[in-house]
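Taking it in order: structure first as structure tokens, then the write-up.
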Amino acid sequence: MKSLFTTSALLAFLTSSSVLAANLTIPMSFEYLALDGAEVETSMFSHQSDLALTNGVHKIAVRYHDVIDDSFSDSQSFVKSTPLIVTLTVDGDHQYLLQPADGDIIKNPKAFAKKPQISIKRQDNAAVTYNVEQTNFTENSFITSLFNNKNQHDIETLSASATGDSSQPIQALAVKSDIESATMSAPIIATVPAATAQKPTPAQAEQMLQYWWLQADDKTRKEFMGWAIKQL
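Residue numbers (the working numbering): 23 to 254.
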């Protein structure tokens, strides 16, 4: 009976430990944009400073966004950076803190916004495995604007005409922004014998397209967009 109780208690402990989450905290002057390929929904009326994270490697998009006093008037203006992609390895139920590299006080917000330098620390001062990459993504990337809701009707009409069956409802594809795509891991393509290889599903093809779009330079992107528009 004692052995059964001990086993049950150990199982309960392991189960509860597996769902424990780490936590990342950011200052008021930063905001979350995306986590592992999904947008982090925030409110303009309240600041989300904490983000729960499970064990493993996570890609988190954040941005410096603050209000500063205008030097030439009594008004205030906004200053913000392009998104930063933080690749963070979580290895336990730890408290992680994102901070400006030079300290909590940012002396020159405009200069900092152009090239923000940040660090990730643990509350217990243990070592943290992470990497930070600054992107040049805008809030509404060109590819998102091309395939957003206002153009969706035209795309659906063209698709219906091409298939010759306009009576069938057409499901709109969910298009991720560049920021969301950047926080996704590269798609893993399994190697199978040629005789049994299957064509990628539409969802897999879309994911691969988003991944290679992020790897391409500006010249390649422009050439691709020119080709893609001709296919519509």
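Backbone N, C-alpha and C fix where the C-beta goes; we use that ideal spot for every residue, glycine too.
Q: Look up V79 in the DSSP assignment and give the residues it is bridged to.
A: Mapped onto the sequence shown, residue 79 falls at position 57. In the DSSP output, where bridge partners are listed per residue, V79 has T111.
(Q) What does the alpha-carbon distance come out to for the pair P49 and F246? (A) The count along the sequence shown starts at 1 and reaches residue 49 at position 27. The count along the sequence shown starts at 1 and reaches residue 246 at position 224. For P49 and F246, the distance between alpha carbons rounds to 39 Å.
Q) Who are the near neighbours of I82 in its chain, counting only those whose CB is closer than 6 Å to its CB and skipping five residues on each side? A) As a working mapping, residue 82 is identified with position 60 in the sequence shown. So the qualifying residues of the chain are L57, V108.
Q.
So the candidates are S97, I140, N147, G59; which of them puts its Cα closest to the Cα of L106?
A. Locating residue 106 in the sequence shown gives position 84, where the first residue counts as 1. Relative to L106, the option among S97, I140, N147, G59 whose CA is nearest is I140.
(Q) Just to confirm before moving on: does the CB-CB distance between L110 and Y152 stay below 8 Å? (A) Here residue 110 refers to the residue found at position 88 when the sequence shown is read from its first residue. Here residue 152 refers to the residue found at position 130 when the sequence shown is read from its first residue. Their beta carbons are under 8 Å apart, which means L110 touches Y152 by this criterion.
Q: Please say whether A43 and Y118 have beta carbons closer to each other than 8 Å?
A: In the sequence shown, residue 118 corresponds to position 96, counting from 1. In the sequence shown, residue 43 corresponds to position 21, counting from 1. Cβ atoms of Y118 and A43: not closer than 8 Å.
**Q.** Simplified DSSP state of D91, which is helix, strand or coil
**A.** Translated into positions along the sequence shown, residue 91 becomes position 69. Residue state, collapsed to three classes: strand.
Q) Under three-state DSSP, which class holds P138? A) In the sequence shown, the residue the question calls residue 138 occupies position 116. Here P138 sits in coil by DSSP.
Q. Mind checking S68: buried by the 16 CB within 10 Å criterion, or exposed?
A. For this step, residue 68 is matched to residue 46 along the sequence shown. The residue in question, S68, is exposed, as its Cβ has fewer than 16 Cβ neighbours within 10 Å.
**Q.** Host beta strand (DSSP E) of Q121 (start-end)
**A.** In the sequence shown, counting from the first residue as 1, residue 121 sits at position 99. Element bounds for Q121: 117-122.
(Q) Output needed for K102: all residues of its chain with C-beta closer than 7 Å, excluding positions within five of it in sequence on either side, in chain order. (A) As a first step, residue 102 is located in the sequence shown; it is residue number 80 there, counting from the start. Answer for K102: R85, Y86, H87, A135, listed in chain order.
(Q) Residues in the same chain with beta-carbon distance under 7 Å from K132, minus the five sequence neighbours each way, listed in chain order, please. (A) On the sequence shown, position 110 is the one that residue 132 refers to. The residues are V101.
Q. Could you give the C-beta distance for F159 and T242, rounded to a whole number, given that I count them as a contact under 8 Å?
A. Position 137 of the sequence shown, counted from the start, is the residue given in the question as residue 159. Position 220 of the sequence shown, counted from the start, is the residue given in the question as residue 242. Contact flag wrong, Cβ pair sits at about 17 Å.
**Q.** Residues bridged to E61 [DSSP beta-bridge criterion]
**A.** The sequence position of residue 61 within the sequence shown is 39, counting from 1. DSSP lists A56 as partners of E61.
Q. How many angstroms separate the CA atom of E202 from the CA atom of V62?
A. In the sequence shown, counting from the first residue as 1, residue 202 sits at position 180. In the sequence shown, counting from the first residue as 1, residue 62 sits at position 40. Near 9 Å, if we compare the C-alpha coordinates of V62 and E202.
Q. Which one of I128, F94, L120 has the shortest CA to CA distance from D72?
A. If you number the sequence shown from 1, residue 72 lands on position 50. Relative to D72, the option among I128, F94, L120 whose CA is nearest is L120.
Q) With distances taken from CA atoms, which of D126, K143, D113, V150 is nearest G78? A) Position 56 of the sequence shown holds residue 78. When each option's Cα is compared against that of G78, the closest is D113.
Q.
Let me make sure I understand the geometry here. Which of K143, D239, S97 has the alpha-carbon closest to that of T47?
A. Here residue 47 refers to the residue found at position 25 when the sequence shown is read from its first residue. For T47, the nearest C-alpha among the options comes from K143.
Q: Assign K205 to one of two classes, buried (16 or more other C-beta atoms within 10 Å of its C-beta) or exposed (fewer than that).
A: Along the sequence shown, one-based indexing puts residue 205 at 183. Inspection of the sequence shows that residue 205 is occupied by Thr rather than by Lys. So T205 ends up on the buried side.
Q. For L236, which of helix, strand or coil comes out of DSSP?
A. Indexing the sequence shown from 1 puts residue 236 at position 214. Secondary structure at L236: helix, using DSSP grouped into helix, strand and coil.
Q: Would you check if the distance between the CB atom of I90 and the CB atom of S97 is smaller than 8 Å?
A: Numbered from 1 along the sequence shown, position 68 holds the residue referred to as residue 90. Numbered from 1 along the sequence shown, position 75 holds the residue referred to as residue 97. Not in contact: I90 and S97 (Cβ atoms no closer than 8 Å).
Q.
Let's see if you can read the secondary structure: which residues bound the beta strand (DSSP E) around F100?
A. If you number the sequence shown from 1, residue 100 lands on position 78. First-last of the beta strand (DSSP E) with F100: 98-102.
Q. In angstroms, rounded to a whole number, what distance separates the CA positions of G59 and A148?
A. On the sequence shown, position 37 is the one that residue 59 refers to. On the sequence shown, position 126 is the one that residue 148 refers to. Cα to Cα, G59 sits roughly 28 Å from A148.
Q) What's the C-alpha gap between K244 and M230? A) Within the sequence shown, numbered from 1, the residue matching residue 244 stands at position 222. Within the sequence shown, numbered from 1, the residue matching residue 230 stands at position 208. Rounded to the nearest whole angstrom, the C-alpha separation of K244 and M230 is 18 Å.
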